[in-house]
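First residue of the sequence shown: 4, per full-length UniProt numbering; consecutive thereafter. Beta carbons: idealized from backbone N, C-alpha and C, even for Gly. Comments concern the structure below.
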Amino acid sequence: KKKIAVMTSGGDSPGMNAVVRAVVRMAHHMDCDAYCVYEGYEGLVQGGNLIRKMPWDAVRGWLSEGGTLIGTARCLAFYERPGRLKAAKNMIINGIDALIICGGDGSLTGADKFRDEWPGLLKELVDAKELDAKDIEPYKHLNIVGLVGSIDNDMSGTDATIGCYSALARICEMVDYIEATASSHSRAFVIEVMGRHCGWLALMAGVATGADFVFIPEKPWGDNWQQEMCDLVEKHRNLGKRKTIVIIAEGAIDRNSNKITPVMVHDLLADKQGLALDTRITTLGHVQRGGTAVAYDRMLATLQGVEAVKAVLEATPETPTCFIAINENKITRVPLMEAVKETKEVATAIKAQDFNKAMGLRDTEFTD
Ligand code: ADP
């Protein structure tokens, strides 16, 4: 029987439990044994009871649970070869021959490296007499498939990451709450949302709530953004709007790569010589990450989890490591490292102030 393990790694996102459930159930359906690795790569490195066999009913009810019940962690040891050696040994000890990882681009890059090094790691373990040559015989190749769990929707090659629509729904709900009180007092609110390199949450929340102004890292406003923002807010006020909502991504910058902070925006709106609005700042923080997954993320996680099991069972040593994506409403397999490269290029373009390139690369994600 094949033994398939599933793991969540990096930042948690709503829908990760639905992924674990789908993988465990699909593994059983395909007559394989299912395992969970607890605490991300830390569980793989430490082994022991952090690697557990999962019967069918172990994941019952997990669709409606937030966070990740098998835990996630940042694992420094896995960045280094000795850590990956331990991880390889624990895989063999447990007889695991395929690994499905749900995480961000960091976790998936680590996974690809692990797969590349796999034959060398096994040889080293045998040379060091940690394992017998016959122990490694059935595990010559390691099949790894990724799933992208991230609230930021920050991966190229897929239209949506698992968790992004839950975070967006949470943000919209919070903005609705704030709007009610803002309107009552005729106040302005500057709302900071997550997204260090990716403005998808801020941009889509702006569209979905009818915000007055949005700041994202990929497309900074011109040098005169202060005036532009105040003029627009004033125009909306003159049209009778009793509230002002400005949404700002964590990673928002100006054209010269200086950070635009909520305090800066607050001070502009509140300026006694200018608009003189009664202005407050709300940082949404981790409410965006927590809570249960919306229906879309549960569906995406389930369809992609099923596809991931099919993909690890079909992969050959020649198949490049892939992750499961959704493109134009179809579940697809996408070569992992090309998408990671493109994802990194966006961050690099933003740093280099090549904003046209950054937006061009993002276009693939914003396709509708
Ligand atoms: P995310 O997966 O959300 O991008 P991180 O970048 O923090 O989050 O990665 C999560 C974990 O994946 C790290 O703590 C580390 O154990 C592993 N990892 C990330 N990048 C690499 C890498 N280049 N090589 C090996 N392991 C990595």
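Residue(s) in a DSSP beta bridge with residue i
| i | result |
| --- | --- |
| D36 | K6 |
| E195 | I251 and T286 |
| F218 | I251 |
| L102 | A8 and I147 |
| I165 | G152 |
Simplified DSSP state of residue i, which is helix, strand or coil
| i | result |
| --- | --- |
| A328 | strand |
| K143 | coil |
| G152 | strand |
| I174 | helix |
| T75 | coil |
| F369 | Any reading at F369 must be qualified, since the residue scores a pLDDT of 49, below 50, and its modelled position is unreliable; no value is offered. |
| P223 | coil |
| L204 | helix |
| E345 | helix |
| A21 | helix |
| M158 | coil |
| A30 | helix |
| residue 3 | For the chain, the structure presents residues 4 to 371; residue 3 sits outside this window and is missing. |
| D60 | helix |
| E317 | helix |
Terminal residues of the alpha helix (DSSP H) in which residue i lies
| i | result |
| --- | --- |
| L128 | D108 to D130 |
| Q356 | Note, Q356: premise wrong, no alpha helix (DSSP H); not H, not E. |
| M232 | W228 to N241 |
| Y44 | Y44 to Q49 |
| G86 | R84 to N97 |
Residue nearest to residue i in terms of C-alpha spacing, selected from the options
| i | options | result |
| --- | --- | --- |
| I251 | E195, R199 and A25 | E195 |
| M232 | N261, V268 and N259 | V268 |
| A314 | A30, L364 and S189 | A30 |
| M57 | N359, L66, E45 and Y41 | Y41 |
| S16 | L242, A304, T322 and T335 | A304 |
| V129 | G106, K89 and K354 | K89 |
| Q307 | I329, V266 and P220 | I329 |
| R199 | E182, V148 and E221 | E221 |
| T286 | D300, D357, L66 and T264 | T264 |
| D274 | E237, V343 and N261 | E237 |
| Q229 | G202, V266, L204 and G243 | V266 |
| T335 | G149, Q291 and D155 | G149 |
| G209 | A185, P223, V178 and N227 | V178 |
Residue i, enclosing beta strand (DSSP E) - first and last residue
| i | result |
| --- | --- |
| T335 | K333 to P338 |
| R55 | I54 to K56 |
Beta carbon proximity, residue i to chain D, threshold 9 Å
| i | result |
| --- | --- |
| V297 | Looking for chain D here will not work: only one protein chain is present. |
Taking the runs of the alpha helix (DSSP H) that are 4 residues or longer, which of them lie wholly in the region 246–306? Taken in chain order, the complete alpha helix (DSSP H) segments of 4 residues or longer contained in the region 246–306 are 265–273.
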